[in-house]
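Just so we're aligned, residue 2 is where the sequence shown starts under our numbering, counting upward by one.
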Amino acid sequence: RILLWMRSPVPFRIPTTCGQQKSLPWIKPSRLENPSSTLGVIGRMALEIGLFRSLFRDTRVELREGPRLAYGEARLLWLGALLFHWSLLFVVLRHLRFFLEPVPAVVNALSSVDSFFQVGAPGLYLTDVVLTGALGYLLLRRLANPQVRYISLFADYFALFLLLGIAVSGILMRYVVRIDTVAAKQLALGLVTFSPVLPEKVGPLFFVHLFLLSVLAAYFPFSKLMHMGGVFLSPTRNLANTSRMRRHINPWNSPVKVHTYEEWEDEFRDKIKAAGLPLEKE
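Written out as structure tokens, the structure is:
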């Protein structure tokens, strides 16, 4: 799917912008909101991917008494999405210790920082709490908000419940129903090296967790979750706005006979001269 997107032709510049375009030297341009250079695009993409800059400007609309249409900020959605994505990234990086031997020092350091607050034994991972809370908020928003509930599809709920199932089963394995992590790592390393083994002390909950992960991996390429890769290939984000600086010609256009200005001037030369208008060629 990524290769298909990469092969899709984009002959024109179609970036979505919300700032002043670069034009005259004395007009200050918006270098991030309306980038005109590759460096500006890189900065814009970094803020979009790392901080969800466009979602930060999201608004909500409500019909109040009167009737009166009111617009307001929707920063909770931005915060929930940001916490979910970053905590999910931390969880995925932490799980690398099950697939690598020896475990890289970076992964161990990340786990230590994540369990900085020593609450009980084993230590409580902050990302476990944040990830579950953020998923709960995103699900509650779809159920409680009438406008969002109206446009929600089965695929939207399926992805949320699937991610919640993975998160909850993982939390249960760590804090409630303890499993043999050494046996789990043996199984994970066996799957990665295509020499699977079946340990005896893993427990059924681990296989529930593994099944949900397998469903997610199979469902991922065909779902809306592919925006993870698509954001890098979106022409509305990754192109500099140079439409007024450079003419972009579609290379797939069929050759056509055009009526140039010179030909038009030659055709109406007498009338233009009679009207006292200037001519390019005298």
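For each residue, glycine too, the CB sits at the ideal point set by N, CA and C.
Problem set entry | Option nearest residue 244 by Cα separation, candidates 23, 10, 5, 8 | 23
Problem set entry | Nearest-angstrom Cα separation, counted from residue 140 out to residue 40 | Approximately 37 Å, taken between the alpha carbons.
For this session: Tell me where the alpha helix (DSSP H) around residue 158 begins and ends.
Result: 155 to 176
Problem set entry | Span separating the alpha-carbon of residue 35 from that of residue 105 | 40 Å
For this session: Using the DSSP secondary-structure output, state which residues sit across from residue 69 in a beta bridge.
Result: 65
For this session: In the DSSP assignment, find the unbroken alpha helix (DSSP H) run with residue 49 in it and report its ends.
Result: 39 to 52 is the span of the alpha helix (DSSP H), which, as asked, contains residue 49.
Exercise. At what residue ranges does the segment 73 to 151 contain a whole run of the alpha helix (DSSP H), taking only runs of 4 or more?
Worked result: 76 to 95, 106 to 115, 127 to 145
Problem set entry | Buried versus exposed, by CB contacts within 10 Å (16 or more), residue 203 | Burial is judged here by how many other beta carbons sit within 10 angstroms of a residue's own beta carbon; residue 203 has at least 16 and is buried.
Exercise. Taking only runs of the alpha helix (DSSP H) that begin and end inside the segment 176 to 238, which ones reach a length of at least 4 residues, in chain order?
Worked result: 182 to 193, 205 to 220, 228 to 231
Exercise. Is it right to say residue 81 is buried, meaning 16 or more other beta carbons lie within 10 angstroms of its own, or is it exposed?
Worked result: buried
Exercise. With distances taken from CA atoms, which of 128, 193, 212 is nearest residue 163?
Worked result: 212
For this session: Enumerate, from N- to C-terminal direction, the unbroken alpha helix (DSSP H) stretches of 4 or more residues contained entirely within the segment 232 to 283.
Result: 262 to 268, 270 to 275
Exercise. From residue 170 to residue 206, what distance separates their C-alpha atoms?
Worked result: 7 Å
For this session: Select from 263, 186, 283 the residue whose C-alpha is nearest the C-alpha of residue 103.
Result: 186
For this session: Could you say which of 74, 79, 254 lies nearest to residue 52 if we only look at CA atoms?
Result: 79
For this session: Have a look at 161, 149, 69, 122 and flag the residue whose alpha-carbon is nearest the alpha-carbon of residue 132.
Result: 161
Exercise. Which residues share a DSSP beta bridge with residue 60?
Worked result: 74
Exercise. Considering only residues of the same chain and omitting the five flanking positions on each side of residue 296, which have a CB-CB separation below 7 Å?
Worked result: Outside the shown range of the chain (2 to 283) lies residue 296, about which nothing can therefore be said.
Problem set entry | Sub-8 Å separation of residue 128 and residue 85 beta-carbons | no
Exercise. Where does residue 6 sit, in a helix, a strand or coil, going by DSSP?
Worked result: The answer is helix: DSSP assigns residue 6 an H, G or I state.
Exercise. Just the Cα atoms here: how many angstroms apart are residue 190 and residue 201?
Worked result: 16 Å
Exercise. Below 8 Å between beta carbons: does that hold for residue 10 and residue 249?
Worked result: no
Exercise. Residues in its own chain within less than 6 Å of residue 181 by CB, not counting five upstream and five downstream?
Worked result: 202
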